[in-house]
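Chemist: As you go down the protein sequences, you meet chains X and L in turn. Reading the first sequence from the start, the letters are residues 1 to 494 in UniProt numbering. Reading the second sequence from the start, the letters are residues 1 to 494 in UniProt numbering.
2 protein chains.
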Amino acid sequence: MAVNAVPSAVPSAVPSAVPSAAPSAVPSTVPSAAPSAAVNALREALGAQVVALPDEFVDRRVEDWSGLPSAVPLALIRPHDTREVAVALEICARYAQPVVTQGGLTGLVGGANLRGDEVALSLDRMNQIVEIDAVSGTMTVQAGTPLQVVQEAASAAGFYFPLDLGARGSCSIGGNLATNAGGNRVIKYGMMRDQVLGIEAVLASGAIVGGLNKMIKDNSGYDLRNLLIGSEGTLAVITRAVLRLRPKPTATATAWCGLPSFDAVTTLLRRAQAGLAPGVSAFEVMWAGYHDTVLANLNTLRAPLASPHPFYVLLESVGTDPVRHGGAFEEFLGAMLEEGVVTDAALASNEAHAQAFWAIRDAPGEYQRFIPNHAAYDVSFSIAQVGDAASRCEAQLHARWPEATIMIYGHLGDGNIHIVVDVPGLPKHDHDAIDQVIYDVTRDFRGSISAEHGIGIKKKHFLHLTRSEADVASMRAIKQALDPARILNPGKIF
Amino acid sequence: MAVNAVPSAVPSAVPSAVPSAAPSAVPSTVPSAAPSAAVNALREALGAQVVALPDEFVDRRVEDWSGLPSAVPLALIRPHDTREVAVALEICARYAQPVVTQGGLTGLVGGANLRGDEVALSLDRMNQIVEIDAVSGTMTVQAGTPLQVVQEAASAAGFYFPLDLGARGSCSIGGNLATNAGGNRVIKYGMMRDQVLGIEAVLASGAIVGGLNKMIKDNSGYDLRNLLIGSEGTLAVITRAVLRLRPKPTATATAWCGLPSFDAVTTLLRRAQAGLAPGVSAFEVMWAGYHDTVLANLNTLRAPLASPHPFYVLLESVGTDPVRHGGAFEEFLGAMLEEGVVTDAALASNEAHAQAFWAIRDAPGEYQRFIPNHAAYDVSFSIAQVGDAASRCEAQLHARWPEATIMIYGHLGDGNIHIVVDVPGLPKHDHDAIDQVIYDVTRDFRGSISAEHGIGIKKKHFLHLTRSEADVASMRAIKQALDPARILNPGKIF
Numbered sequence: 001m002a003v004n005a006v007p008s009a010v011p012s013a014v015p016s017a018v019p020s021a022a023p024s025a026v027p028s029t030v031p032s033a034a035p036s037a038a039v040n041a042l043r044e045a046l047g048a049q050v051v052a053l054p055d056e057f058v059d060r061r062v063e064d065w066s067g068l069p070s071a072v073p074l075a076l077i078r079p080h081d082t083r084e085v086a087v088a089l090e091i092c093a094r095y096a097q098p099v100v101t102q103g104g105l106t107g108l109v110g111g112a113n114l115r116g117d118e119v120a121l122s123l124d125r126m127n128q129i130v131e132i133d134a135v136s137g138t139m140t141v142q143a144g145t146p147l148q149v150v151q152e153a154a155s156a157a158g159f160y161f162p163l164d165l166g167a168r169g170s171c172s173i174g175g176n177l178a179t180n181a182g183g184n185r186v187i188k189y190g191m192m193r194d195q196v197l198g199i200e201a202v203l204a205s206g207a208i209v210g211g212l213n214k215m216i217k218d219n220s221g222y223d224l225r226n227l228l229i230g231s232e233g234t235l236a237v238i239t240r241a242v243l244r245l246r247p248k249p250t251a252t253a254t255a256w257c258g259l260p261s262f263d264a265v266t267t268l269l270r271r272a273q274a275g276l277a278p279g280v281s282a283f284e285v286m287w288a289g290y291h292d293t294v295l296a297n298l299n300t301l302r303a304p305l306a307s308p309h310p311f312y313v314l315l316e317s318v319g320t321d322p323v324r325h326g327g328a329f330e331e332f333l334g335a336m337l338e339e340g341v342v343t344d345a346a347l348a349s350n351e352a353h354a355q356a357f358w359a360i361r362d363a364p365g366e367y368q369r370f371i372p373n374h375a376a377y378d379v380s381f382s383i384a385q386v387g388d389a390a391s392r393c394e395a396q397l398h399a400r401w402p403e404a405t406i407m408i409y410g411h412l413g414d415g416n417i418h419i420v421v422d423v424p425g426l427p428k429h430d431h432d433a434i435d436q437v438i439y440d441v442t443r444d445f446r447g448s449i450s451a452e453h454g455i456g457i458k459k460k461h462f463l464h465l466t467r468s469e470a471d472v473a474s475m476r477a478i479k480q481a482l483d484p485a486r487i488l489n490p491g492k493i494f
Numbered sequence: 001m002a003v004n005a006v007p008s009a010v011p012s013a014v015p016s017a018v019p020s021a022a023p024s025a026v027p028s029t030v031p032s033a034a035p036s037a038a039v040n041a042l043r044e045a046l047g048a049q050v051v052a053l054p055d056e057f058v059d060r061r062v063e064d065w066s067g068l069p070s071a072v073p074l075a076l077i078r079p080h081d082t083r084e085v086a087v088a089l090e091i092c093a094r095y096a097q098p099v100v101t102q103g104g105l106t107g108l109v110g111g112a113n114l115r116g117d118e119v120a121l122s123l124d125r126m127n128q129i130v131e132i133d134a135v136s137g138t139m140t141v142q143a144g145t146p147l148q149v150v151q152e153a154a155s156a157a158g159f160y161f162p163l164d165l166g167a168r169g170s171c172s173i174g175g176n177l178a179t180n181a182g183g184n185r186v187i188k189y190g191m192m193r194d195q196v197l198g199i200e201a202v203l204a205s206g207a208i209v210g211g212l213n214k215m216i217k218d219n220s221g222y223d224l225r226n227l228l229i230g231s232e233g234t235l236a237v238i239t240r241a242v243l244r245l246r247p248k249p250t251a252t253a254t255a256w257c258g259l260p261s262f263d264a265v266t267t268l269l270r271r272a273q274a275g276l277a278p279g280v281s282a283f284e285v286m287w288a289g290y291h292d293t294v295l296a297n298l299n300t301l302r303a304p305l306a307s308p309h310p311f312y313v314l315l316e317s318v319g320t321d322p323v324r325h326g327g328a329f330e331e332f333l334g335a336m337l338e339e340g341v342v343t344d345a346a347l348a349s350n351e352a353h354a355q356a357f358w359a360i361r362d363a364p365g366e367y368q369r370f371i372p373n374h375a376a377y378d379v380s381f382s383i384a385q386v387g388d389a390a391s392r393c394e395a396q397l398h399a400r401w402p403e404a405t406i407m408i409y410g411h412l413g414d415g416n417i418h419i420v421v422d423v424p425g426l427p428k429h430d431h432d433a434i435d436q437v438i439y440d441v442t443r444d445f446r447g448s449i450s451a452e453h454g455i456g457i458k459k460k461h462f463l464h465l466t467r468s469e470a471d472v473a474s475m476r477a478i479k480q481a482l483d484p485a486r487i488l489n490p491g492k493i494f
């Protein structure tokens, strides 16, 4: 995915862009010098090595990549294992002490940021791979393990862990689970919830639920696992997980296609899904506005096709049959060109070619350099309506801001697009009017205001556009049932 | 799937086997002649055409295929649409009137059976396909639509709906969702929860949650959809759903393999998943005891291989490339024979051959004829532990009942096996001792007591073997939060 708006390398650059008056921001507070009774109890139970006071972690980053402000926590808890997490939460529940769980802090919606009255619970010390079971095809990990460590360990064991996103080096499996992370391979492998068999989690009470199940099928009672996944730290602290490993792909074919219309784009998607035997592993669509803007601004990029087209698609298929894979892909692409679904195409004949195609799609990592004040959106629709919804957004934005740069691109196979808007002269903290346009269209098309980034604090005021009053009331009832003292990540989602 | 113990054709034959004293059975009661205030209010609001009294539905079956007893409902509600469901539940909530939702009544754990104080809510009139969206690849249906109708409509529209189980002609999509149905194609396509994008459901209060979303990605708040799926009618009544359609396979390859050991079986699974480019669509393992017993008892079956083997696997791969599919499959099988992973194999050269292989795997539909008093189990383990768990079950059963017939078979790619035990002279209502052996081993191997059939009333007393106290307490808290008057399917699951 598309960590839009976030520099690929130096997240510490983001806080400089923190708006001075973000809508839902609580002013940063400096905790008073004397630790509270809750913090004292935590420190007594777990020791100073696990529970640090603010002057003991002054240099540590405590906010995510959203650019939203964060206060400093009253204490920073860094447990070594599930038992210490349970002890910490049991004490916090007793003192009604709010807790914000933190993983790699790469979120984009302020989900791990603080108001000032919370302790932070970092899982960074729980970063061990517990076991790889090559027969069952599973990897058991602690929640603080970085995604990239998991990917590399899977590869070393002869498997493939398909979840992948720009923040892979920093984000943790626990954060991926708490936010149900998406990324580039969802079309073939699903989101984070599809990569996991068992999760172990600690409730606000300190009770441990779930477990390290390796069963693919388990219809014994309610699906707590999927309820906790994507709940952004508001229902439980995920401590360990059993991940599902996949066969390692041994063949990749990649093409860059120019297409005449959005109808042709959806036709290519359907035909590729039906016609490419191992399936489609990436189907990244880019509107001409995106293509032209990033090529004009980044001189390391080169246009793969000689002539301009209204739409471009990066099509990729991975498989496990090196002998037949390339021929079948080429044949399919030839048929699409012959039928006019695709107007022109470039087939990657080696990995460097494929990387050059991906570099165009990965250009959002460079936004900070040429459009530092842009607004970025992560919305989803039915696949059939993506084209109309995007057109309506574009038309309404251009009507109001004729000088705006609008870039639309995304994972069409998932109905997920990103819309980036840069209005010259409009500062970053003044995006409310753009929000309104994008989210009103999203509501009208019954789409989602958050396809993969979550709600956090950034989108909570728009949640009602995607979820009904009855839905939100149900979520609140579940929150009340599992966290009656409301200590877990208060003020997030709703 | 393995509708173990249930005749494939005539479900009405089952009730004759109803045990006279099932452990959790409440004796059938005949409702008193005078309708209750709740039934009167329902009839007044919805009319006699929607709310029928017992003497108006005397010939109608009201119990599932479990063989467990069921009372007659106080009234039978047959709404036409979501609004009528909401009206009915709102009235039931007001009168604290328990409600049992019924779909096709093909469940195997008594999940839709009655104690006697409930009204039944049948979705059988809500059986319409609302829309097929060929661009988005979705089908919107009412929950009462039979699975087979959905499969056929998908096929007619050029798509494939992969969920498949023996009860396809009778079971409904709503029941498939309420129980998170599994079946034969889980290894490639997942369970019912993986076949659905949006669900609309009515809570006990009459409030409507969810909706007809076609988004593949939606990270806006808690995952109510997956919480309701598999909750066996205890949290809400699912009224409509948006199903996900898949590309129609155009090539199938099927082989029957004889293998020397369980290690060889897991090796074949891993190698097939890594080596067959379109993946594995079925991997059905059968222990020799199963193979030999069904072949000895059903003279329509013929052994595909000349010599006996300790294990047999029905391996199937479906794909969309008719040109390359067969060759790649044959090549893979050749390599497995050469390496000794597979000792002997028969490749289906036409559909009749493939059907003959499947007939051996589908023999459980005939159990009623030759082992009418058998006990059947549906358990799951990590793939690595299936062999050891099965061996331990077999050894313990044989030690206690040397004369027992034991048949083990199942979906190894999902870690899901079925164990069927026939002890000559042991009647159907006297299976508690067999239950204990199977479920103790399941607990010891940290498996699931219900891979795909659900808990209902049949397995509720064993739930603690698979789910912890904290898990069950969380489920109860969620139940209390969403159905505070406990009117929905009371007494089921826990």
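Note that the Cβ used here is the ideal one computed from N, Cα and C, for glycine as well. Please read these numbers as outputs of a predicted model, since none were measured by experiment.
Which same chain residues end up closer than 6 Å to VAL196 of chain L when comparing Cβ atoms and leaving out the 5 residues on each side of it in sequence?
Modeler: ALA241 and LEU243
Chemist: Have a look at the DSSP bridge pairing and note the partners of GLY190 of chain X.
Modeler: DSSP, once it has assigned bridges, lists no residue as partnering GLY190 of chain X.
Chemist: Could you check the C-alpha separation between VAL99 of chain X and ALA52 of chain X for me, to the nearest Å?
Modeler: 14 Å
Chemist: Check whether chain L comes within 9 Å of SER474 of chain X, counting only Cβ atoms and requiring the distance to be less than that.
Modeler: yes
Chemist: Report yes or no: is there a C-beta of chain L within less than 9 Å of the C-beta of GLU152 of chain X?
Modeler: no
Chemist: Exposed or buried, what is ALA25 of chain L when buried is set at 16 or more other beta-carbons lying within 10 Å of its beta-carbon?
Modeler: Any answer about ALA25 of chain L is weak, because its pLDDT of 40 lies below 50 and its placement is not dependable; what the coordinates show is given next. Counting Cβ neighbours within 10 Å, ALA25 of chain L comes out buried, since at least 16 surround it.
Chemist: Any idea if ARG324 of chain L is buried or exposed, counting beta-carbon neighbours within 10 angstroms, 16 or more meaning buried?
Modeler: buried
Chemist: With respect to 8 Å, is the separation between the Cβ of GLU331 of chain L and the closest non-hydrogen atom of the ligand MN below this value?
Modeler: In the structure on display, the ligand MN does not appear, and there are no ligands present to speak of.
Chemist: Looking at the unbroken beta strand (DSSP E) that takes in GLN102 of chain L, where does it start and where does it end?
Modeler: 99–102
Chemist: Kindly list, in the order they appear in chain L, the residues whose Cβ is closer than 7 Å to that of THR239 of chain X.
Modeler: One finds nothing in chain L with a Cβ atom closer than 7 Å to the Cβ of THR239 of chain X; even the nearest lies about 13 Å away.
Chemist: Taking the alpha carbon of VAL135 of chain L as the reference point, which residue from X:ASN213, X:LYS248 and X:LEU268 has its own alpha carbon closest?
Modeler: X:LEU268
Chemist: Taking C-alpha atoms, which residue in X:PRO69, X:LEU74, X:VAL342 and X:LEU163 lies nearest to LEU108 of chain X?
Modeler: X:PRO69
Chemist: Sorted by chain position, which residues of the same chain lie with C-beta nearer than 6 Å to GLY137 of chain L's C-beta, five sequence neighbours on each side aside?
Modeler: LEU245
Chemist: By Cβ distance below 6 Å, which residues in the same chain neighbour ASP422 of chain L in space, the five residues on each side in sequence not counted?
Modeler: Apart from the 5 residues on each side of it in sequence, ASP422 of chain L sits with its Cβ closer than 6 Å to the Cβ of ILE371, HIS374 and THR405 in its chain, given in chain order.
Chemist: Span of the beta strand (DSSP E) holding CYS257 of chain X?
Modeler: Per DSSP, CYS257 of chain X belongs to the beta strand (DSSP E) from 251–259.
Chemist: At the 9 Å Cβ level, is VAL26 of chain L part of the contact set with chain X, yes or no?
Modeler: Note that VAL26 of chain L has pLDDT 42, beneath the 50 cutoff, so the model's placement of it is unreliable and the number below is only indicative. It does not; no Cβ of chain X falls within 9 Å.
Chemist: Determine, using beta carbons only, whether PRO31 of chain X comes closer than 9 Å to chain L.
Modeler: Confidence at PRO31 of chain X is low in this model, with a pLDDT of 48, below 50, so the placement of that residue should be treated as unreliable; the coordinate-derived value is given next. Using a Cβ-Cβ cut-off of 9 Å, PRO31 of chain X does not count as an interface residue toward chain L, since no Cβ of chain L sits closer than that to its own.
Chemist: For the alpha helix (DSSP H) holding GLU84 of chain L, just list the boundary residues, first then last.
Modeler: DSSP places GLU84 of chain L inside the alpha helix (DSSP H), whose first and last residues are 82–94.
Chemist: What three-state label does DSSP hand GLU284 of chain X in the structure shown?
Modeler: In the three-state DSSP reduction, GLU284 of chain X falls in the strand class (E or B).
Chemist: Report the residues of the region 198–222 of chain L with a CB closer than 9 Å to any CB of chain X, ordered along the chain.
Modeler: LEU203, SER205, ALA207, ILE208, VAL209, GLY210, GLY211, LEU212, ASN213, LYS214, MET215, ILE216, LYS217, ASP218, ASN219, SER220, GLY221 and TYR222
Chemist: Could you tell me whether the Cβ of ALA282 of chain L comes closer than 9 Å to any Cβ of chain X?
Modeler: no
Chemist: Apply the 10 Å Cβ neighbour rule to SER380 of chain X and answer buried if 16 or more other Cβ atoms are within range, or exposed otherwise.
Modeler: buried
Chemist: Rounded to whole angstroms, what's the CA-CA distance from ALA178 of chain L to VAL186 of chain X? Just pull it up for me.
Modeler: 26 Å
Chemist: Counting only beta-carbon atoms, is LEU276 of chain L nearer than 9 Å to chain X?
Modeler: yes
Chemist: Just to make sure I have the definition right: I need the residues of chain X whose C-beta is within less than 8 Å of the C-beta of PHE381 of chain L. Which are they?
Modeler: LYS214 and MET215
Chemist: Can you find a C-beta in chain X that's less than 9 Å from the C-beta of ALA470 of chain L?
Modeler: yes
Chemist: Can you name the residues that DSSP bridges to SER172 of chain L?
Modeler: Paired residues: L:PRO146.
Chemist: Going by beta-carbon coordinates alone, are MET407 of chain X and VAL294 of chain X separated by less than 9 Å?
Modeler: yes
Chemist: Could you pull the start and end residues of the alpha helix (DSSP H) that THR267 of chain X belongs to?
Modeler: 262–275
Chemist: Give a yes or no on whether the minimum CB-CB distance between PHE311 of chain L and chain X is below 9 Å.
Modeler: no
Chemist: Using DSSP with H/G/I as helix, E/B as strand and the rest coil, what is LEU397 of chain X?
Modeler: helix
Chemist: Where does LEU74 of chain L sit, in a helix, a strand or coil, going by DSSP?
Modeler: LEU74 of chain L: coil per DSSP, three-state reduction.
Chemist: Looking only at its own chain, which residues have a Cβ that is under 6 Å from the Cβ of TYR189 of chain L, when we skip the five neighbours before and after it?
Modeler: PRO162
Chemist: List in chain order: all unbroken alpha helix (DSSP H) runs of 4+ residues lying wholly within the region 317–400 of chain L.
Modeler: 325–338, 351–361, 367–370 and 386–400
Chemist: Expressed to the nearest angstrom, what Euclidean distance is found between the alpha-carbon atoms of LEU488 of chain L and LEU212 of chain L?
Modeler: 23 Å
Chemist: In angstroms with no decimal places, state the Cα-to-Cα distance between PRO308 of chain X and ASP344 of chain X.
Modeler: 10 Å
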